[in-house]
Structure formats: C-alpha cells, structure tokens
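Asks: Sharing a structure with you now.
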Amino acid sequence: MEFDYIVIGGGTAGCVLANRLSADPTVSVVLIEAGDKDDYFWIDIPVGYLYTIANPRTDWCYQTEAEPGLNGRSIGYARGKVLGGCSSINAMIYMRGQASDFDHWAQLGNRGWSWVLAPRTGLEPATYGLEDREINWSK
C-alpha cells in the first residue's frame with residue numbers, strides 16, 4: 001500500500017494532524033498507533049487515572065534513568081498507550097496556554113496566533129455559577 005502521508009502515533013497531535021490532512025480528498029493518510037482502542041472503562045472517569053497510569057494496558061510504563069538529584073532514584077514516566085495517547089490517561093486535565101506564549105508565536109511569524117487574534121474556541125475563561133444552587137456542606 002502507498003500513502004501520501006503516514007502519521008505515527010495516535011496521540012492528541014497525531015490524531016489532529018491525520019484529521020486535518022485527510023480533509024483533502026485528493027490525498028491518502030494512514031494513522032499508525034501502537035496502543036489499543038481507548039475503550040477501557042477508567043479512561044472516561046477523572047479519578048480513573050489511578051487505574052490507567054502504571055497499567056500496561058494503557059501506559060507504556062517507562063522509568064527514567066536513576067538521577068543523582070533524586071538520591072539515585074528513578075521515577076515512573078507515564079505515556080499513553082492507547083488511541084488518544086497521554087490525553088487518555090491524564091485525569092481529563094488540560095492547561096490553557098499563556099498569553100505570552102501566543103504572542104511569542106505571533107512574533108515568530110504566525111501572526112494569526114497572537115493572544116488577541118487566536119481562535120477563541122476553548123480559550124474563554126470558564127465560569128461555573130453555583131449561585132443558583134443550594135449547596136449544603138454539613139453532614
């Protein structure tokens with residue numbers, strides 16, 4: 001088989017890249033992921049990271065080299081081994097970029113990505129109003 005594009009790794013970036021490339025009907029794209037489907041029950045639950053990290057079913061279970069600064073210890077280095085990559089085992093946590101990062105990208109030549117001009121989808125501050133809800137913290 002021949003493909004115009006081969007994307008290795010079905011993590012967050014690989015999936016987005018394959019999707020964008022395949023939007024052009026004149027090209028063929030293959031996405032190769034070494035891990036399994038992301039259908040493990042615990043992937044869809046925030047506290048599920050306790051069952052996905054250091055689990056060979058969903059994590060490559062890498063260990064760092066022993067480090068002098070860690071008293072000679074090595075530590076686990078979780079890397080997702082499912083479609084979705086690390087985004088599937090990160091407890092559904094994400095971080096928004098800082099304005100200075102976006103402005104730096106614009107300075108490097110990607111003018112449409114300054115903080116002011118960047119696509120706003122998902123970048124608006126999240127507000128969850130609890131004023132209208134009755135909350136009882138007592139037993």
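In the numbering used here, the protein residues as written are 1 to 139. All C-beta atoms in this analysis are idealised placements derived from N, C-alpha and C, irrespective of residue type, glycine included.
#1: If you follow the alpha helix (DSSP H) that Val16 is in, where does it begin and where does it stop?
#2: Thinking Ile43 and Val82 are a contact (beta carbons under 8 Å), I'd like their distance in whole angstroms, please.
#3: Would DSSP call Asp44 helix, strand or coil?
#4: Taking all protein chains shown into account, decide if Ser88 is buried (16 or more other Cβ within 10 angstroms of its Cβ) or exposed.
#5: What would DSSP say about Asp4, mapped onto helix, strand or coil?
#6: Three Cβ pairs or more, each shorter than 8 Å: is that satisfied between the segment 50-60 and the segment 21-41?
#7: Look at Gly9 and Gly84 and say whether their C-beta atoms are less than 8 Å apart.
Replies: Short version:
#1: Segment 12-22, the alpha helix (DSSP H) holding Val16.
#2: Correct: roughly 7 Å between the Cβ atoms.
#3: Here DSSP, grouped into helix, strand and coil, assigns Asp44 to helix.
#4: Label assigned to Ser88: buried.
#5: Three-state result, Asp4: coil.
#6: Pairwise C-beta distances place the segment 50-60 in contact with the segment 21-41, as three or more of them are shorter than 8 Å.
#7: The answer is no: Cβ separation not under 8 Å.
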